[in-house]
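Written out below as structure tokens is the structure these notes cover.
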Amino acid sequence: KAHSQWSRDCAISDPLALGGGRGRAESHSNTKKLLFLLLLPSAWLLLAEQRLFSLFLSAEAVFSHCKTEHQFDVSDVIQKHGLDFYGYIKLINFARLKRPTAAYLSSLSSPLPWEGEEYLKPELEDDLLLQFDIEDLCEPVKVLPSNGLSDTMVLLEQLKHAEQRARAAEAALARAQDDLQKMKQFAQDFVMSADVRSGPPCSAIAELQEDEDGVYFSSYGHYSIHEEMLKDKVRTESYRDFIYQNPHIFKDKVVLDVGCGTGILSMFAARAGAKKVIGVDQSEIIYQAMDIIRLNKLEKIITLVKGRIEEVDLPLEKVDVIISEWMGYFLLFESMLDSVIYAKDKYLAEGGSVYPDLCTISLVAVGDMNKHVDKLLFWEDVYGFDMSCMKKAVIPEAVVEVLDPNTLISTASVIKHIDCNTASTPDLEFSSDFTLSITMSTQCTAIAGYFDVFFEKNCHNKVLFSTGPQCTKTHWKQTIFLLEKPIPVEAGEALRGKVTVRKNRRDPRSLCISLCVRDTQHTYSLQ
536 KAHSQWSRDC AISDPLALGG GRGRAESHSN TKKLLFLLLL PSAWLLLAEQ
586 RLFSLFLSAE AVFSHCKTEH QFDVSDVIQK HGLDFYGYIK LINFARLKRP
636 TAAYLSSLSS PLPWEGEEYL KPELEDDLLL QFDIEDLCEP VKVLPSNGLS
686 DTMVLLEQLK HAEQRARAAE AALARAQDDL QKMKQFAQDF VMSADVRSGP
736 PCSAIAELQE DEDGVYFSSY GHYSIHEEML KDKVRTESYR DFIYQNPHIF
786 KDKVVLDVGC GTGILSMFAA RAGAKKVIGV DQSEIIYQAM DIIRLNKLEK
836 IITLVKGRIE EVDLPLEKVD VIISEWMGYF LLFESMLDSV IYAKDKYLAE
886 GGSVYPDLCT ISLVAVGDMN KHVDKLLFWE DVYGFDMSCM KKAVIPEAVV
936 EVLDPNTLIS TASVIKHIDC NTASTPDLEF SSDFTLSITM STQCTAIAGY
986 FDVFFEKNCH NKVLFSTGPQ CTKTHWKQTI FLLEKPIPVE AGEALRGKVT
1036 VRKNRRDPRS LCISLCVRDT QHTYSLQ
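All residue numbers for the sequence shown refer to this note's numbering, where the first residue is 536 and numbers rise by one.
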């Protein structure tokens, strides 16, 4: 196959016309594979002009020919650049593909033109040069004493050569480690991007089977998570104030509470004058909610239905108002808004409203070297052991915690507006450019996200609350995206970037979030 390719390239009628002719070459091929000298254009042109095909019985013969006839020593290049086995493979494939001059190859310095991964692909099928052990080219030089040369000088010369070999080996090891890290990062980014790139249809939540969604709903079956939410005064009092201060929205209306939990919003609506309230929840907590409704003598107004909103049959075809506390970390985590949108599209009467009606997601820059050290540099020395490889597992995972407002180093930038009365599920996956106005000269160690919630439509008394770091703490806290390498920033600078938010293909209640800042891509999961 390679013979015929060479023949076509050089227009040689008999590419094996060397020595004893075709028969002799075929005899050799039966006993030993032959190597083709394609490394240098000078050799290639010489062979083409002579209409001969040079055959070599070993890699050593090829390298010897290169050294004696073309003043090119492969071993010099290997030692000069500290090439390891992979570097040698790239060199051979580069030479075969590009056919550089000997002078060009000998004059190169870093970065080397064959460092790309594409040069790992063989240019020739079954290329024996790629099977050659480069250690055979790099044997230490034996320095023999001559007249007047002392044993000390011999040892010094040998030591010098050994040091050169050691430096070359260290350089090769460093490059190999760097290549390995790049491969790991590539694999990680590929998996993460695959989760996003091949993402589910936006109706994925509605299409989940009960056994697939069991973990999510079971997490809301225990009282503790409801206790935490009810004790979150910012959350619960905002809903209460909106409902009690705007009774005209609920008076004599039919209300649907999506994901009712313990029934607190249903009871607020009933107390505000709703004619009928239907609460829907799939988690086991709904049985306690039924007891709570009876304890408060609201069972004539409130009806609770166990099941997923996408699957249940409601006692009424249409409702006037939909209320829900659907927000997750970074607003969209858990994808419960998908269910609210489903309920809106199916059950909301014309002229009806969904509350809360408006939400925004914002980003802000963070400068907290102490936290950066605690989260990342910690792994470099753990009780005297290097665990720095763990950083690659830590960085891609978004952190949910309360930020110290004193660590904020920029103004906030809104990256997403959601109108719950008009939104569709495709709107919940998006990309957005952002600009953060830096307020102090320091190191940016993270980007943080939070959300704001508004009750405004038809409201006489508008209500809003924020989960931002400068406001009263909520159970949603803030979502922090650590940067592996802090970014130096100056006061007054505009730090620009792009954020992409997608559902995770494998788990549509989780999020894949990518941030591009200063031309560097960072990929995170929130799960």
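Note that the Cβ used here is the ideal one computed from N, Cα and C, for glycine as well.
Please read all numbers here as calculations on a predicted model, not as lab measurements.
Same chain, Cβ closer than 7 Å to residue i, five either side skipped, listed in chain order
{"i": "residue 935", "result": "864, 1012 and 1014"}
{"i": "residue 948", "result": "897, 898, 969, 970 and 971"}
{"i": "residue 827", "result": "797 and 798"}
{"i": "residue 1050", "result": "982, 1016, 1032, 1034 and 1057"}
{"i": "residue 667", "result": "594"}
{"i": "residue 833", "result": "802 and 805"}
{"i": "residue 849", "result": "813, 840 and 882"}
Residue i versus residue j: straight-line alpha-carbon distance, rounded
{"i": "residue 662", "j": "residue 655", "result": "12 Å"}
{"i": "residue 906", "j": "residue 1052", "result": "20 Å"}
{"i": "residue 939", "j": "residue 836", "result": "44 Å"}
{"i": "residue 809", "j": "residue 915", "result": "60 Å"}
{"i": "residue 622", "j": "residue 650", "result": "7 Å"}
{"i": "residue 713", "j": "residue 625", "result": "16 Å"}
{"i": "residue 659", "j": "residue 606", "result": "24 Å"}
{"i": "residue 1044", "j": "residue 908", "result": "31 Å"}
{"i": "residue 853", "j": "residue 1025", "result": "55 Å"}
{"i": "residue 869", "j": "residue 766", "result": "21 Å"}
{"i": "residue 805", "j": "residue 879", "result": "20 Å"}
{"i": "residue 875", "j": "residue 815", "result": "11 Å"}
{"i": "residue 990", "j": "residue 761", "result": "22 Å"}
{"i": "residue 953", "j": "residue 877", "result": "15 Å"}
{"i": "residue 476", "j": "residue 1038", "result": "Past the boundaries of the shown model lies residue 476; the chain is included only from 536 to 1062, so the question cannot be answered."}
{"i": "residue 644", "j": "residue 911", "result": "35 Å"}
{"i": "residue 1063", "j": "residue 641", "result": "No answer is possible for residue 1063: the residues shown for the chain start at 536 and end at 1062."}
{"i": "residue 795", "j": "residue 831", "result": "16 Å"}
C-beta atoms of residue i and residue j nearer than 8 Å
{"i": "residue 894", "j": "residue 986", "result": "yes"}
{"i": "residue 966", "j": "residue 899", "result": "no"}
{"i": "residue 979", "j": "residue 950", "result": "no"}
{"i": "residue 664", "j": "residue 613", "result": "no"}
{"i": "residue 901", "j": "residue 942", "result": "yes"}
{"i": "residue 791", "j": "residue 882", "result": "yes"}
{"i": "residue 842", "j": "residue 823", "result": "no"}
{"i": "residue 710", "j": "residue 608", "result": "no"}
{"i": "residue 789", "j": "residue 811", "result": "yes"}
{"i": "residue 784", "j": "residue 847", "result": "no"}
{"i": "residue 932", "j": "residue 1059", "result": "yes"}
{"i": "residue 973", "j": "residue 1028", "result": "yes"}
{"i": "residue 858", "j": "residue 800", "result": "yes"}
{"i": "residue 873", "j": "residue 960", "result": "yes"}
Three-state secondary structure assigned by DSSP to residue i
{"i": "residue 990", "result": "strand"}
{"i": "residue 564", "result": "Because residue 564 carries a pLDDT of 39, less than 50, the predicted location of this residue cannot be relied on, and the following value inherits that uncertainty. Looking at residue 564 - three-state DSSP - the assignment turns out to be helix."}
{"i": "residue 844", "result": "coil"}
{"i": "residue 940", "result": "helix"}
{"i": "residue 1051", "result": "strand"}
{"i": "residue 737", "result": "Because the pLDDT at residue 737 is just 44, under 50, the model does not fix this residue reliably, and the value given afterwards should be weighed accordingly. Of the three classes helix, strand and coil, the one that applies to residue 737 here is coil, per DSSP."}
{"i": "residue 705", "result": "helix"}
{"i": "residue 603", "result": "helix"}
{"i": "residue 677", "result": "The pLDDT assigned to residue 677 is 48, lower than 50, so where the model puts this residue is not dependable; a value taken from the coordinates is nonetheless given after this. If DSSP states are grouped into helix, strand and coil, residue 677 belongs with coil."}
{"i": "residue 838", "result": "strand"}
{"i": "residue 657", "result": "coil"}
{"i": "residue 668", "result": "coil"}
{"i": "residue 1010", "result": "coil"}
{"i": "residue 979", "result": "strand"}
{"i": "residue 634", "result": "coil"}
{"i": "residue 984", "result": "strand"}
{"i": "residue 864", "result": "coil"}
{"i": "residue 900", "result": "strand"}
CB contact check: residue i to chain D, cutoff 8 Å
{"i": "residue 1019", "result": "Looking at the structure shown, chain D is missing, and only one protein chain is on hand."}
Per-residue burial, residue i [other beta carbons within 10 Å of its own, 16 or more giving buried]
{"i": "residue 585", "result": "With a pLDDT of only 38 at residue 585, under 50, the local geometry of the prediction cannot be trusted, and no value is derived from it."}
{"i": "residue 616", "result": "buried"}
{"i": "residue 924", "result": "exposed"}
{"i": "residue 1031", "result": "exposed"}
{"i": "residue 781", "result": "buried"}
{"i": "residue 996", "result": "exposed"}
{"i": "residue 871", "result": "buried"}
{"i": "residue 839", "result": "buried"}
{"i": "residue 492", "result": "Residue 492 cannot be examined here, being either before or after the span of the chain that is shown, 536 to 1062."}
{"i": "residue 568", "result": "At residue 568, the pLDDT of 35 sits below 50, so the modelled position is not reliable and the matter cannot be decided from this model."}
{"i": "residue 860", "result": "buried"}
{"i": "residue 697", "result": "exposed"}
{"i": "residue 888", "result": "buried"}
Own chain partners of residue i with C-beta closer than 6 Å, once the 5 adjacent residues on each side are dropped
{"i": "residue 803", "result": "775 and 778"}
{"i": "residue 829", "result": "none"}
{"i": "residue 988", "result": "891, 894 and 1000"}
{"i": "residue 1005", "result": "940"}
Own chain, CB closer than 8 Å to residue i, minus 5 neighbours either side, in chain order
{"i": "residue 705", "result": "617"}
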